[in-house]
Each structure stands twice: as C-alpha cells, then as structure tokens.
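Okay, structure first, notes after.
Residue numbers (the working numbering): 497 to 700.
Here it is, written out as structure tokens:
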C-alpha cells in the first residue's frame with residue numbers, strides 16, 4: 497500500500513494494526529468497500545459474480561477501530577477459505593474457524609487491544625461462533641470502548657425499573673432479565689417487548 501493509503505487505514509483501524517492489515521491486503525487480491533451501516537451485518541465477503549471479477553469485502557463505516565479489525569480479519573478468513581476450498585466448505589465451518597484463528601493470532605496483543613478486550617477475544621476463540629454479534633460478553637466490552645457513544649448506556653447496565661429512550665423514539669421501563677434480553681414495558685404504547693441487553697439507549 498502507498499503511504500497515503502496507510503494513513504487512511506488509521507482512520508478505521510487501531511494504529512498498531514495498520515501494517516498487519518495492509519500486509520494482509522497486499523498478499524491477496526480482493527476489493528474492500530466501506531458501506532453505510534447495515535443492521536443485519538457488520539461486514540461480508542462476496543466471491544466473484546462474473547468471469548473477470550475479483551472477490552469483494554464490505555465493512556460498515558460505523559464500526560469503531562477494534563470492531564473494524566475483528567470484522568476485517570473475519571471476512572479475510574472467508575476469502576482464504578474460498579481460495580482454498582471454493583464453495584465446498586461451510587461458511588463458518590471448521591476450515592473457516594481454523595483460518596480465522598490463525599489470521600487473528602498476530603493481532604492478539606496489548607499493543608493493539610485493551611486488556612479487557614483481549615481477554616474476551618481469547619475466550620471467544622475457545623468457542624468460536626459465526627459472528628462476534630452473538631458473543632454477548634465480547635460485544636459488551638467492545639461497546640464500552642466506543643468513544644462515540646459517551647451519552648449512551650446499554651440496557652444491560654441499567655437498574656431494574658429504569659426508564660430509557662430507545663433509538664426508535666419509544667420510551668421503556670426496564671424489567672426482568674431473561675437470558676440476554678430484558679422484558680421491558682413500553683410506556684409509549686403500553687405493550688411489553690423483549691429488548692437486547694446490548695441495545696444502546698438514553699437514560700431518562
């Protein structure tokens with residue numbers, strides 16, 4: 497990568513990871529696109545659709561640096577699986593898990609991640625799931641390092657009966673915890689909903 501491209505990477509990735517991110521890109525042949533936030537995914541990998549195309553990785557623009565790095569390596573692992581196995585391997589099967597762990601290993605240092613994030617990442621890789629979004633503890637600690645959300649609180653951190661404003665503009669009162677969700681009473685329409693403990697809300 498050119499020096500100006502390395503500088504651009506510093507906007508999205510932890511600074512100490514930039515050389516590794518660039519080296520990973522330079523050793524492969526794919527296109528990276530930063531997309532507007534998507535509620536259903538943090539990023540994705542797409543194999544070539546037509547003859548002459550190259551592989552395509554997308555990443556959401558609203559990911560903070562630690563999450564951007566994790567998502568990027570996650571998708572590069574899909575690229576490597578595709579190069580080695582084509583479409584024969586399962587999307588998040590044993591081949592992908594092995595490659596993803598290996599690709600992440602050089603980044604699992606305190607020079608790149610805070611100690612609490614590193615601890616959760618090491619636990620995450622002991623029982624690897626298809627997405628970091630399904631790992632409640634990892635997602636919670638990642639959200640705690642998002643400096644852009646200084647005025648937001650996770651539902652999981654609210655006391656029982658606390659009132660909060662959800663991103664959709666509705667007012668809720670936090671109820672009992674049921675696994676990783678909470679039964680919350682909506683004061684706006686009088687109904688009850690199951691709300692994720694990871695939802696970022698404004699305390700009232």
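The beta carbon of each residue, even a glycine, is placed where N, CA and C say it ideally should be.
- Between residue 637 and the set 699, 656, 693 and 570, the nearest pair of CA atoms involves 693.
- Using a Cβ distance threshold of 8 Å, residue 671 and residue 679 count as a contacting pair.
- The alpha-carbon separation between residue 681 and residue 567 amounts to approximately 34 Å.
- Taking a 10 Å sphere around the C-beta of residue 598, we find fewer than 16 other C-beta atoms and assign the residue as exposed.
- Secondary structure at residue 649: strand, using DSSP grouped into helix, strand and coil.
- Boundaries of the alpha helix (DSSP H) around residue 595: 590-600.
- Of 676, 536 and 544, the smallest CA-CA separation from residue 627 is found for 536.
- Taking residue 608 as reference, the option from 509, 499, 502 and 501 with the minimal CA-CA separation is 509.
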